[in-house]
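Here's the structure, in structure tokens; my notes come after.
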Amino acid sequence: MIQVGKLNTLIVTKETEQGIYLNEQNPDERDILLPRNQVPDEIQVGDSIEVFVYRDSRDRKIATVNQPKMMLGELAPLKVVSVNRIGAFLDWGLERDLFLPFKQQIGCIHRGEVHLVGIYVDKSDRLCATMKVYELLQSHAPYEVNDIVMGTVYSFKEAYGAFVAVDNKYHGLIPIKELYGDYKIGDTLELRVRNVRPDGKLELSMRKATHLQMEDDAKKIMEVLEQNGGKLSLHDKSTPDEINEKLGMSKAAFKRAAGRLMKEGVIEMTTQGISRNW
């Protein structure tokens, strides 16, 4: 059976002014058209050709030699090219844009934005996009603790954190306690695997392993001290929110890095804050 949304190797059955017609060795399947402007030179009836199959504006199966940015069962970040009252249309590299129905959107969609989407076949056998990608992601990624991965944020849940599609393929979560800074859906981040859960899903961190992160945190403290004339109104009684606002790190990370700098004699800490030793 010719599969919509995937690559198919088909046989040329006839040639017309419109292009060539293709089919597999199945008498119950209707021929589909590969338009004339995409027909390779010297191809003949009986030859095989690999094509991507989707539906045209009249919902007829049609073939293309162009490869889309994603196929059925895959995820990819796609750009919004237009929006109307029933949905949006995305550029996926083919002649006809991919439809993102209103019910498959998360949040407010605007032209020019890039969103991570999956692709599915609707009840009318048409290819459509969805931003509800959780069910399309896989577990058991080929990563271990402390591996560095790339992930795209696709959802936020206040009680849990940021849900991330690792490699646009695998389940990932940045727990709420690991979230630092201001991020939005669609952002692509470099992350560290903090834990691999028994179900194969990844817990992620925006921070490096502790001994490496401490180096970065100590540098950040010194940089902010430089910017503030050698003084900073943070100390071991400061709240986590105050520390996160000024340094973008947790209180535990701040205490580790500040403790190291004090041990090295680089800074002093009092109830008024920390200051650089000259």
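For the sequence shown, the numbering used here begins at -16 and goes up steadily by one. We treat Cβ as the ideally placed atom computed from N, Cα and C, and that holds for glycine. Predicted, not measured: the structure shown is a model, and the values here were computed from it.
Here the region 66 to 74 does not lie against the region 10 to 26, with fewer than 3 beta-carbon pairs under 8 Å apart. Ranked by Cα distance from Gln1, the options Glu247, Arg19 and Gly155 are led by Arg19.
Assigned with DSSP and collapsed to three states, Arg19 falls in helix. Assignment of Gly242 by DSSP, reduced to helix, strand and coil, places it in the helix class. CA-CA distance, Leu(-7) to Val28, rounds to 11 Å. About 6 Å separates the beta carbons of Tyr153 and Leu120, which is inside the 8 Å limit, making them a contact pair.
Between Gly101 and Thr113, the beta carbon gap of about 5 Å places them in contact (Cβ cut-off 8 Å). Counting other Cβ atoms within 10 Å of its Cβ, Ser65 stays below 16 and is therefore classed as exposed. In the three-state reduction of the DSSP assignment, Lys203 falls in the helix class, which pools H, G and I. Within 10 angstroms of the beta-carbon of Ala241 lie 16 or more other beta-carbons, which makes it buried. Beta-bridge pairing by DSSP links Arg38 to Lys44.
Asn67 counts as exposed, since fewer than 16 other beta carbons sit within 10 angstroms of its beta carbon.
For Lys229, the three-state secondary structure derived from DSSP is helix. Distance check between Ile250 and each of Cys111, Ile45, Ile204 and Met232 places Ile204 closest, using alpha-carbon atoms only. Within the region 140 to 179, the complete beta strand (DSSP E) segments of 3 residues or longer fall at 144 to 149, 153 to 158 and 171 to 179, listed in chain order.
If you look at Val116, you'll find it isn't in any beta strand (DSSP E); DSSP assigns it neither H nor E. The region 129 to 145 makes contact with the region 165 to 172: 3 or more CB pairs, one atom from each, lie closer than 8 Å. By the beta-carbon neighbour count (other beta carbons within 10 angstroms, threshold 16), Met(-16) is exposed. In the three-state DSSP reduction, Ala124 falls in the coil class, being neither helix nor strand. Your pair Ala46 and Ile69 does not check out as a contact, with CB atoms roughly 27 Å apart and the cut at 8 Å.
The C-alpha of Met245 lies about 8 Å from the C-alpha of Met252. Here Val147 is buried, its C-beta having at least 16 other C-beta atoms within 10 Å. Gln(-14) counts as exposed, since fewer than 16 other C-beta atoms from the protein chains shown sit within 10 angstroms of its C-beta. The continuous beta strand (DSSP E) containing Ile102 extends over residues Val97 to Val104. Looking at the DSSP output, Tyr4 sits in a beta bridge with Lys(-3) and Leu16.
Cβ contact annotation for Ser188 (same chain, cutoff 6 Å, sequence separation greater than five): Glu161, Arg175 and Arg177, in chain order.
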